[in-house]
Amino acid sequence: MDEHSGHGSGHSMHEASICNMNMLLNWQIENTCVVFRWWHISGPASMMISCIIIFLIAASYEWMRAYSTRVDHQWHQEQEENVVYAYQHKKLSKRKELIRSMTYAILVGISFWLMLVFMTYNGYLMMATVLGAGFGHYFFGNSMNKSIQCH
Numbered sequence: 000m001d002e003h004s005g006h007g008s009g010h011s012m013h014e015a016s017i018c019n020m021n022m023l024l025n026w027q028i029e030n031t032c033v034v035f036r037w038w039h040i041s042g043p044a045s046m047m048i049s050c051i052i053i054f055l056i057a058a059s060y061e062w063m064r065a066y067s068t069r070v071d072h073q074w075h076q077e078q079e080e081n082v083v084y085a086y087q088h089k090k091l092s093k094r095k096e097l098i099r100s101m102t103y104a105i106l107v108g109i110s111f112w113l114m115l116v117f118m119t120y121n122g123y124l125m126m127a128t129v130l131g132a133g134f135g136h137y138f139f140g141n142s143m144n145k146s147i148q149c150h
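So the sequence shown is residues 0 to 150, counted in numbering that gives the first Met the number 0.
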């Protein structure tokens, strides 16, 4: 029995929003979903917009990682240079540790999300991720540790 009988061309409205899952490198533009079903790429324009957004997220991740490292370094320098600061450290420590922990959690979340984008195996999305990370590292974190941050 034909599943598409009575559907005319064989495509229903339900099929128009399908998310294809690929386990091989692909360059598919239509019916690609980026992590969520609602982020559905339906053509060249939405692919371009998605690539720009992913590029910006990857670059922002590198900015946030570099900023976090600089702030952490600054806090440690202040602690070593200022005796009064060392005395007050107990009051400031919990607040700063909370900020550091929240920043770390956000960075882990973004890195996992970027990994999931990469796992679409879509060449365009993969390139946007890598190029955004490279751009961000070049402009924001070129003096940082160059280790891969996927957890």
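Glycine included, C-beta positions come from ideal geometry on N, C-alpha and C.
| Query | Result |
| --- | --- |
| Residues that DSSP places opposite I40 in a beta bridge | T31 |
| Beta-carbon gap between A58 and F134 smaller than 8 Å | yes |
| Those residues which DSSP pairs with D25 across a bridge | Inspection of the sequence shows that residue 25 is occupied by Asn rather than by Asp. According to DSSP, which records beta bridges pairwise, N25 is partnered with N121. |
| The segment 19-37 contacting the segment 110-123, beta-carbon criterion three pairs below 8 Å | yes |
| CB-CB length for N21 against N30, believed under 8 Å | So it is not a contact: roughly 10 Å between Cβ atoms. |
| Helix, strand or coil at I17 [DSSP, three-state] | coil |
| Contacting residues, own chain, Cβ-Cβ under 8 Å from L159 (five flanking each side not counted) | No statement about residue 159 is possible, as the shown extent of the chain runs from 0 to 150 and does not include it. |
| Residue of F54, D71, A44 and R36 minimising C-alpha distance to T128 | F54 |
| Test item: CB-CB of I56 and S49 under 8 Å | no |
| Inter-residue Cα distance where the pair is H10 and S16 | Since pLDDT at H10 reaches only 46, below the 50 mark, its modelled position is unreliable, and the value read off the structure follows with that caveat. Cα to Cα, the separation comes out at about 11 Å. |
| For G140, three-class secondary structure by DSSP | coil |
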